[in-house]
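For reference, the structure discussed in these notes is given below.
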Amino acid sequence: MNDKRLAIYYEHPQWFGALFAELEKRGIPFEKIDAASHFYNPKAAHNFSLLFNRMSASAYLRGHGNAVF
37 MNDKRLAIYY EHPQWFGALF AELEKRGIPF EKIDAASHFY NPKAAHNFSL LFNRMSASAY
97 LRGHGNAVF
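Put into structure tokens, the structure is as follows:
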């Protein structure tokens, strides 16, 4: 069995509170990746097996344009 977690790349914590709460309730291991403070390091090891990119296309309107990919 794979022991790596899901990763959720997100912009707005309030929009994902219900998702994070449900994952915790079900005991599903996951990693939150806050776009506002995240820096990609290609040399870093990743602790996740699947990444969900939940960035909004309008993130640039809130000062997070560099986080959209």
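Each number in this note's numbering corresponds to the 1-based position in the sequence shown with 36 added. Just so it is clear, CB atoms sit at the ideal spot from N, CA and C, and this is done for glycine as well.
Exercise for the section: Taking the CB atoms as reference points, tell me whether Y46 and A80 lie closer together than 8 Å. Expected result: no
Practice task
Per DSSP, which residues does D70 bridge with? Please list them.
Solution key: Y46
Practice task
Just the C-alpha distance for I44 and P78, rounded to the nearest angstrom, thanks.
Solution key: 18 Å
Practice task
Could you tell me whether the Cβ atoms of R41 and E67 are closer together than 8 Å?
Solution key: yes
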